[in-house]
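This report concerns only the one structure given below.
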Amino acid sequence: MSEHKTVKLSESPIRLRPDGTAAVLPSQGYPADAWQAGEVLMTESSRHGGERHLDGDELVYLVSGSAHLSLDQDDGDPEVVGLEAGHAFVVPRGTWHRLLIDEPSRLLFVGTGRTEVRPPGHSQ
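Heads up, the sequence shown is in this note's numbering, so the first residue is 1316 and it goes up one at a time.
This is the structure:
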């Protein structure tokens, strides 16, 4: 008989395989080509100067709280998108972005591939 277990997404992301199966991943060091889903509770805005995902779009789903996404634009002025609980936003592949937290927020992320992160203080 198999043993079924729940997974706390805030501690272990899930790899979603092309064949439709899923596997629990370690919190660090998972493969860059893996589709992954994870949860986080954020009480303050992203500390980095932005991040972008090189190999695919990222789905950001706000479970609870209040937040905004700041997305770099070609003209230099960031686009700021408000997130409401129960709503999602798809960050396009290669778009520099960061989360701006208005109140403690629980978020679900789904994405794949390599991520680049800019150091703190980088103006977006």
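In this text, a Cβ means the ideal position worked out from N, Cα and C, and glycines have one as well.
The residue among 1368, 1392, 1356 and 1365 with its C-alpha nearest the C-alpha of residue 1378 is 1356. Collapsing the DSSP output to three states places residue 1427 in a strand.
Per the Cβ contact rule, the region 1407–1420 is in contact with the region 1371–1391 (3 or more Cβ pairs under 8 Å). In the DSSP assignment, residue 1411 is bridged to no other residue. Closest option to residue 1412, judged by alpha-carbon separation, among 1395, 1370 and 1330: 1395.
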